Amino acid sequence: MFKRAIAYLSVIFAIFARDVKRVVRNPVALVIVLGMIAMPSAYAWYVVVANWDPYSNTTAMKVAVANEDAGYDSPEAGRLDVGRSVVDQLHDNHDMGWEFTD
88 MFKRAIAYLS VIFAIFARDV KRVVRNPVAL VIVLGMIAMP SAYAWYVVVA NWDPYSNTTA
148 MKVAVANEDA GYDSPEAGRL DVGRSVVDQL HDNHDMGWEF TD
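First residue of the sequence shown: 88, per this note's numbering; consecutive thereafter.
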């Protein structure tokens with residue numbers, strides 16, 4: 088069983104070595120193989136760079152903010168106006184181009 092596996096592996100290695108020799112001798116095939124090796128790496132680099140800091144250019148992105156919260160008068164807690172609180176916090180946030188509507 089072990090000898091048969093070694094025989095199969097030696098045949099596989101011989102086929103692989105023969106194919107590598109043929110690719111190295113043919114310049115067109117060599118360029119294609121190198122391109123197939125380089126393209127996934129280039130794509131991965133592009134994706135990593137694009138997602139490295141996704142919020143770096145969001146200040147130019149305009150986002151409309153509308154507050155339709157009427158608030159609530161609670162006998163225990165007093166006046167609750169969460170919408171106004173969120174809008175006030177967004178006024179101080181300069182990470183995006185917030186556009187406040189009336």
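We put the CB at the ideal spot given by N, CA and C, even for glycine.
Predicted model only: the values in this text are computed from it and were never measured.
First through last residue of the beta strand (DSSP E) which encompasses residue i
i	result
aspartate 175	Counting along the chain, aspartate 175 falls outside any beta strand (DSSP E), though it belongs to the alpha helix (DSSP H) covering 169-179.
aspartate 160	159-161
Extent of the continuous alpha helix (DSSP H) run through residue i
i	result
glycine 122	114-139
Beta bridge counterpart(s) of residue i as assigned by DSSP
i	result
valine 107	Valine 107 pairs with nothing; no bridge assigned.
alanine 151	Glu186
arginine 166	Asp160
Pick from the options that is closest to residue i, judged by C-alpha positions
i	options	result
valine 120	Ala129, Tyr159 and Val110	Val110
asparagine 154	Tyr142, Arg166, Pro141 and Val173	Val173
Given 8 Å as the limit, is there contact between the stretch 178-189 and the stretch 142-149, that is, 3 or more CB pairs closer than that? yes
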